[in-house]
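Heads up: the structure comes next, in structure tokens.
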Amino acid sequence: MERANWRRRMRRPRFAAFLSLAVSAMVGCLVVLAGQTAVPQVTRAPGTILPVGAYPQIETMLGGIVRAVHVRDGQLVEAGDLLVELHHPDLTRERDVTSGQHAAVQRDLATASAVLAVLDREAVPDKAEIDALKGKGLISAAARLDLYAESQRIQLATIKQHEGTLDILTRATQFAQDRVRKKEEILERYAQLRTQGLKSLSDFLEEEDEVDSVRAAASDARVRLAEAQSALMLARAAKVEETLALRDEVLTRWAELEQRRLELEISLDIVNSKLAALRISAPARGIIQAVTYPNPGEVIAPGEVIFEILPTRRALVVEARIANSEVGHVEVDQPVSVSVDTFDARRFGKVEGRLQSIYPVPLTDEQTGETYFRASFKLAEAKVGTGPWERPLQAGMTVVAEMTTGEQTLLSYLLKPVQMTMERAFSER
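Residue numbering for the sequence shown is 232 to 660, as defined by the working numbering.
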């Protein structure tokens, strides 16, 4: 009985010792296994899938009021498709004013050209020509030529009157010259008769006085004839001078109007090009992404970006963030595995790729304040999964890029928190 009791008392410590030894052996094995088991160090970089290509930004340098929007966010557009129409009151008013000035100058040019065309024919315009100009709407040209024609007719009548007077004076002068010649012949006969004693001296002197009177009358006739000729020349010169003066005036006016027309056309072309720029079209094929989606009646500031066009090419890249603490462990052209958030990696798998570039300037997250580096990853293919689980990748999907940057034992992972705690504990004041 006592021996059985002793055996029972001795069995308990042996079991406890055996249990303790077994636990110690297991812990030791686990420690040894943890010290020999290498666990890969993985750097994870969250990011987004983006298409390769340019991202044209649709903006207006003039600004304006939204008149109509022809696209919606996410719509596929082709190059040249109309996106949005803007309205600019100042430019519209400037175009209307310039167009009105240009139309007025064109009318004045048409008037000047019509007057010059009539003057080039070197004929006084008749009533039919003036009425034809009125029928074309050239009222100013018709009125100007009507006054010119009336003045020319008056001057032509004056010239005809001077020509009639000149004809009369010419005949009168010729008659006076004939009388002088006859009187001189008579005086010569009187002189012969006087030498023969047939005429007295008083008769001869009387006849000589008559000859002098006729000569004086002939001289007066020649003076009046010269005056009439001068008056006729002046009348003809005045008629020609009026035509030349009108031609010079109209030509000068035409040159000024032509210069003004060219200036207005340049100004009008500039305004029209600015107004045409308010009809904003897509510069390339792509997907519309609204930066600030415009609404009709909304005011767009000059230089404000309205849309951004995402390219539709199938080549895709991943733009991701690498933490500042991890950027020193990664290298360009390093292989990566990309898991897509929307697809379960256990069923769809991951997409292989390579680190293409790292932006050398650190950036700061405005919300968290953490520093990171922007990196670009090139994907091996634009799909994930195989067989029935194959799915195409699309721009805008969020992903996580995983890169193996080294190995560390499981024991190091387990002891690292203890080590960091000890380091902080013994470094505090």
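The beta carbon of each residue, even a glycine, is placed where N, CA and C say it ideally should be. Values in this document were obtained by computation on a predicted structure and should not be read as measured data.
Which listed residue (the options) has its alpha carbon closest to that of residue i
| i | options | result |
| --- | --- | --- |
| Ser607 | Pro277, Glu473, Ala373, Asp572 | Pro277 |
| Arg425 | Arg298, Glu438, Gln625 | Glu438 |
| Thr599 | Ala554, Ala310, Leu477 | Ala554 |
| Ser330 | Ala373, Ala348, Gly366, Ile501 | Ile501 |
| Tyr379 | Phe406, Thr396, Ala403, Val346 | Val346 |
| Ala521 | Lys365, Gln272, Ile280, Val308 | Val308 |
| Val481 | Leu350, Arg275, Met634, Pro623 | Leu350 |
| Arg516 | Pro527, Pro542, Val300 | Pro542 |
| Thr404 | Ala452, Ile390, Asp434 | Ala452 |
| Pro619 | Arg478, Arg578, Glu612 | Arg578 |
| Glu290 | Pro591, Ala513, Ala551, Glu325 | Ala513 |
| Arg622 | Pro320, Val582, Asn526 | Val582 |
| Ala334 | Arg275, Gly395, Arg491 | Arg491 |
| Ala468 | Arg402, Thr635, Thr389 | Thr389 |
| Pro591 | Val558, Leu436, Gln408, Ala449 | Val558 |
| Gly528 | Ala299, Glu416, Ile280 | Ala299 |
| Val273 | Ser556, Asp479, Gln625 | Ser556 |
| Leu456 | Gln408, Ile417, Glu419 | Gln408 |
| Phe574 | Leu624, Gln565, Gln332 | Leu624 |
| Arg478 | Arg352, Asp321, Thr636, Met257 | Arg352 |
| Gln565 | Thr636, Gln332, Met257, Val630 | Thr636 |
| Val630 | Thr279, Ile511, Ile361 | Thr279 |
| Ile511 | Lys391, Glu419, Ala310 | Ala310 |
| Val454 | Ala476, Leu397, Glu416 | Leu397 |
Cβ-based neighbour list, residue i, same chain, cut-off 7 Å, excluding 5 preceding and 5 following
| i | result |
| --- | --- |
| Leu488 | Val336, Asp339, Leu340, Ala343 |
| Asp434 | Tyr421 |
| Tyr524 | Asp304 |
| Asp596 | Tyr603 |
| Lys414 | Glu441, Val442, Val445 |
| Ile531 | Thr291, Gly294, Gly295, Val297, Leu317, Pro525, Ile537 |
| Glu360 | Val349 |
Cβ neighbours of residue i in the same chain (closer than 6 Å, five flanking residues each side left out)
| i | result |
| --- | --- |
| Ala372 | Thr342, Ala345, Val346, Leu364 |
| Ser588 | Ser607 |
| Val563 | Leu586 |
| Lys470 | Gln386 |
| Gln288 | Val536, Glu539 |
| His393 | Ala462, Leu463, Ala466 |
| Gln173 | Nothing in the structure corresponds to residue 173, since the chain is present only between 232 and 660. |
| Leu436 | none |
Below-9 Å beta-carbon distance, residue i vs any chain D residue
| i | result |
| --- | --- |
| Pro277 | Here there is only one protein chain, and chain D is not present. |
Cβ neighbours of residue i in the same chain (closer than 8 Å, five flanking residues each side left out)
| i | result |
| --- | --- |
| Glu473 | Tyr379, Ser382, Gln383, Gln386 |
| Ala447 | none |
| His301 | Asp312, Leu313, Leu314, Val315, Glu316 |
| Met292 | Ala508, Pro533, Gly534 |
| Gln306 | Ile518, Ile519 |
| His319 | Leu293, Gly294, Gly295, Ile296, Lys505, Leu506, Leu509 |
| Asn503 | Arg326 |
| Arg484 | Asp339, Ala343 |
| Pro593 | Asn555, Thr602, Tyr603, Phe604 |
| Thr323 | Leu506 |
| Tyr286 | Glu539, Ile540, Leu541, Pro542 |
| Asp362 | Ala373 |
Whole-angstrom C-beta distance between residue j and residue i, which should lie under 8 Å
| i | j | result |
| --- | --- | --- |
| Gly616 | Gly580 | 6 Å |
| Leu376 | Pro356 | 5 Å |
| Val561 | Met634 | 6 Å |
| Leu400 | Ala462 | Not really, about 10 Å apart at Cβ, beyond 8 Å. |
| Ala632 | Ala551 | 5 Å |
| Ala626 | Leu281 | 6 Å |
| Ala354 | Val411 | The pair is not a contact, with the Cβ atoms about 44 Å apart (cut-off 8 Å). |
- For the segment 315 to 373, list the alpha helix (DSSP H) runs that are entirely contained and at least 4 residues long, ordered along the chain. 320 to 351, 358 to 366
- Item | Validate contact between the segment 566 to 573 and the segment 608 to 619 using beta carbons, cut 8 Å, 3 pairs | yes
- Query: With a cut-off of 8 Å, do at least 3 Cβ pairs link the segment 496 to 513 to the segment 413 to 432?
  - Reply: no
- Task: Output the residue ranges of the beta strand (DSSP E) runs that lie fully inside the segment 557 to 637 and measure 3 residues or longer, sorted by chain position.
- Result: 566 to 571, 582 to 589, 602 to 610
- Which ranges would you report for the beta strand (DSSP E) in the segment 447 to 517 if only whole runs of at least 3 residues count? 510 to 512
- Can you list the beta strand (DSSP E) stretches of 3 or more residues lying completely in the segment 292 to 318, in chain order? 295 to 300, 313 to 318
- Message: As an exercise, report each continuous alpha helix (DSSP H) stretch of at least 4 residues that is fully enclosed by the segment 369 to 424, in chain order.
- Response: none
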